[in-house]
Amino acid sequence: MNAPSPAPLPTERFVRPAVLPVLTQHLEEAAFYWLRRDAAQWSPVMNAEHVARFDQLLDAHLEGIRVAGARALPLAQAALARWLTPDEAFVATYAVVGVPDAAALAEIETLLIANAELARGAAAALLWRGPIASAALMDHWWQHSEPALRRAAIPAAMRHPAVQRDTLLQYGLQDASALARSRALRCIGEWGVQSYRAQLQAALADEELICRAEAACSLALLGHGEVLADLLAEPANLAALPMRVLAIYSLLSPEPIFAAMLQRCMDEPSCRRALIWSLALRGDPGRLALLSDWLVADGDGRLLAYAISHLTGMDLDLDNLWRPAPEEEGDVATADEGLLYPDVAAVQAWLARNQSRWIGLPRCIAGLPMDLSSMEHLLQHGWQPQRQVAAIWLTAKGQNGLLARLAKPELSYAR
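The sequence shown begins at 3 in our numbering and counts up one residue at a time.
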């Protein structure tokens, strides 16, 4: 669609004096805490309390950027141009909202268009800025000719009280860009828009894999998990799935589909980590024995121990089931950084002692049955993967918007 002239952006009432070192710290810390928060979404070493603390610290530094007004914008632009990362895109977009500087906005847009991965940070900034302040830029981007900017506008638009979601989704589904089209398909499931089931079915034949995957996930959230069968036709696809998609597949696939995937992927070494996550996210206590067997054979075992904890509620620290890290590990960062090393014999003994807690449960999480009470509790107090599972489960039960709110809180959105 043709891009109209940019709507005038709302201005801050005052441009207050800013102390450069303090302002620089606000900008750097805002980028840092948003990046930490974003990385924490699926972190097994982060829980709701940790994320809430990130939110408080992030909001404090964003307040400094709001107070600085136009003084913050050149510094944010320079950082974005230098690093070209989503966290700097978050800060630059946040800074440009409320500042009437068309040239600065154009420079930021040029970088967003040239680097599609930056859209995630820009989209988050619109949400954190709030519906009133970000409305003009959101509308400008939604009508823009560049798909990266249209994609960045969709999450904020879906949560904006003045936006007609039907209109947004209709345009999004007709978008020529897979970036914007897939984001609209994702929103249908996350917000429980049942009237678009036919469009989701049609999108299962989309030429772009990302669109087919998002259509399948949304249909599963709307109660049609059988469409997930084709998502993992090839074992190699399992390891390539984003965690959100893997979780929806693992949690909502009918048992025959999940069992067939497990059989196909069991002997693929490249799929092992994804399989461990998949078994944890599904929450089937009948497959704990498989995780336990892998734990015995694994030289590290940290992710496997977390998977067992995710299902059973086992706590390596409080239950004294851990062992010291090997000396050769040193300071080398790994995918399982922060997780304790399990004492394998102690873990197996704990499982034997506590198995009566989950025997007879078709699905469990943190040693609790997958039911409304448990899921609502874990959404508020669980570890991050448990909170994500709870949000998916509750969304499939009709509590719409939880996945969006888990990723972007209401803390600043009311401003």
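Note that CB positions come from ideal geometry on N, CA and C, so glycine has one too.
With three or more CB-CB distances shorter than 8 Å, the segment 46–60 counts as touching the segment 383–403. Here Ala135 is near Val99, since their CB atoms are less than 7 Å apart. In the three-state scheme derived from DSSP, where H, G and I count as helix and E and B as strand, Pro387 is classed as helix. In the three-state scheme derived from DSSP, where H, G and I count as helix and E and B as strand, Asn402 is classed as coil.
Residue state for Ile361 is assigned as coil, using DSSP reduced to three classes. Inclusion of Leu408 and Ala398 in the CB contact set at 7 Å is not warranted, their separation being larger than that value. Beyond the five residues adjoining it in sequence on each side, Glu90 comes within less than 6 Å, by CB distance, of Ala33, Ala81, Leu82 in the same chain, given in chain order. In this chain, Leu120 is not harboured by any alpha helix (DSSP H), its DSSP state being neither H nor E. Under the Cβ criterion (8 Å, minimum of three pairs), the segment 191–209 does not count as touching the segment 361–371.
For Val99, there is no enclosing alpha helix (DSSP H), since its DSSP letter is neither H nor E.
Counting C-beta pairs with one atom in each stretch, the segment 289–299 and the segment 349–369 have three or more that are closer than 8 Å, which means they touch.
About 17 Å separates the Cβ atoms of Leu107 and Leu86, ruling out a contact at the 8 Å cut-off. Taking the Cα positions, Arg214 is about 38 Å away from Tyr343. Residue range 257–267 is occupied by the alpha helix (DSSP H) that includes Glu257.
Listed as beta-bridge partners of Arg325 by DSSP are Tyr343. Under DSSP, Cys273 shares a beta bridge with no residue.
Pro46 sits in coil when the DSSP states are folded into three classes, being neither helix nor strand. Rounded to whole angstroms, the separation of the alpha carbons of Ala124 and Trp144 is 13 Å. Of the other Cβ atoms in all chains shown, fewer than 16 fall within 10 Å of the Cβ of Leu374; this residue is therefore exposed.
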